[in-house]
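What follows is a single structure, written as structure tokens, with notes after it.
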Amino acid sequence: MPTVFKKFGYRFHFYSNERQEPPPHIHVTGKGGEMKVWLADLIVEFSYGVSPSEQRKIMGVIKEKSKVLMEAWNEFSSKKR
Numbered sequence: 008m009p010t011v012f013k014k015f016g017y018r019f020h021f022y023s024n025e026r027q028e029p030p031p032h033i034h035v036t037g038k039g040g041e042m043k044v045w046l047a048d049l050i051v052e053f054s055y056g057v058s059p060s061e062q063r064k065i066m067g068v069i070k071e072k073s074k075v076l077m078e079a080w081n082e083f084s085s086k087k088r
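According to the working numbering, the sequence shown holds residues 8 to 88 in order.
Shown next, in the form of structure tokens:
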């Protein structure tokens, strides 16, 4: 599980064992919850155990760091091939 960075007690990462090559996305885990967000359009695929206020905070980080996250995704996915 490559970690891109940590912030506000959450880990922003990829799963290395995903079977298919889905569109670019990031997993965010911490504080007993998890979110998956599509990076191209910043849409939340799912959120479990993350309050609405924490979701807004996480989405703010993802928007702020979208370039870094896309670069990390591209590097990570190129290594999987």
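Idealized CB from N, CA, C, for every residue including glycine. Being a predicted model, the structure only gives us computed values, none of them experimental.
Residue i burial status per 10 Å Cβ neighbour count (16 or more: buried)
i   : result
V75 : exposed
A79 : buried
I69 : buried
M42 : buried
I50 : exposed
Beta-carbon contacts of residue i that lie in its chain and below 8 Å, excluding the five residues immediately before and after
i  : result
A4 : Because the chain in this structure spans residues 8 to 88, residue 4 falls outside the shown range and cannot be described.
Proximity of residue i and residue j at Cβ, strictly below 8 Å
i   : j   : result
R18 : G37 : yes
G67 : G56 : no
Residue i at chain D interface by Cβ criterion, 8 Å
i   : result
V44 : Of the protein chains in this structure there is only one, and it is not chain D.
Contacts around residue i, its chain only, beta-carbon distance under 6 Å, and the 5 residues preceding and following it disregarded
i   : result
F12 : F19
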